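Let me begin by presenting the structure, written as structure tokens, before commenting on it.
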Amino acid sequence: MPPLRLPLARGRVLVAGDAAALVDHWYREGISYALCSGDLAGHAAARLVASADDAEAGAVADRYGREVDDVLGTEMRAGGTLMNLFARNPGLVHTALTRLPPAWRRLDAYTAGRTTAAGIMTTPLARGATALAVRLPRQGREHARL
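Position one of the sequence shown corresponds to residue 3 (my numbering), numbered consecutively onward.
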């Protein structure tokens, strides 16, 4: 998967959490991302203070971006994929959730914290629904009403 393209650093300034747009697009949660990225930013800031020059500071900032992507990127991309699936075809998602017990169980496990968006996206059902949804025409507003 491509790396996250987020504004995480500029010069010796690092951003984390909401300031870096680190949110779960599907669940609309960001506290856990803020805590995780804040911890990574704190360690990176300590390295920035100790950096000898701008080149070393740039390397520290780049490393921070890679660390955030390594820790949060897969989950953020999976949440974005789920949100795009819903936004593109809410009727398909609604039908899957109300008519397919495995889909409902995955959503239940997600909201209860027993799985993640990335965990959902590893299932054949989610991969198939995503592949199907991008081939279907986007639902208009008049079709999205339930």
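Think of the CB as a built atom: it goes at the ideal place given N, C-alpha and C, for glycine as much as any other residue.
Please read all numbers here as calculations on a predicted model, not as lab measurements.
- Note: residue 16 is bridge-paired with 11 in the DSSP secondary-structure output.
- Residues 135, 140 of the same chain have their beta carbon placed closer than 6 Å to that of residue 90, with the five preceding and five following residues left out of the count.
- Ranked by how close their Cα comes to the Cα of residue 72, the residues 95, 39, 85 have 39 in first place.
- Between residue 52 and residue 66, the C-beta spacing is not below 7 Å.
- Exposed is the label assigned to residue 15, since fewer than 16 other Cβ atoms lie within 10 Å of its Cβ.
- Just so you know, the alpha carbons of residue 132 and residue 54 end up roughly 47 Å apart.
- Cβ-Cβ distances below 8 Å link residue 100 to 106 in the same chain, with the five nearest sequence neighbours on each side left out; the list follows chain order.
- Rounded to the nearest whole angstrom, the CA to CA distance from residue 10 to residue 108 is 32 Å.
- The continuous alpha helix (DSSP H) containing residue 101 extends over residues 92-101.
- For the options 22, 87, 113, 13, the alpha carbon positioned closest to that of residue 137 is the one of 87.
- In this chain, the alpha helix (DSSP H) harbouring residue 40 covers 33-52.
- Following the DSSP letters along the chain, one finds residue 126 inside the alpha helix (DSSP H) bounded by residues 126-135.
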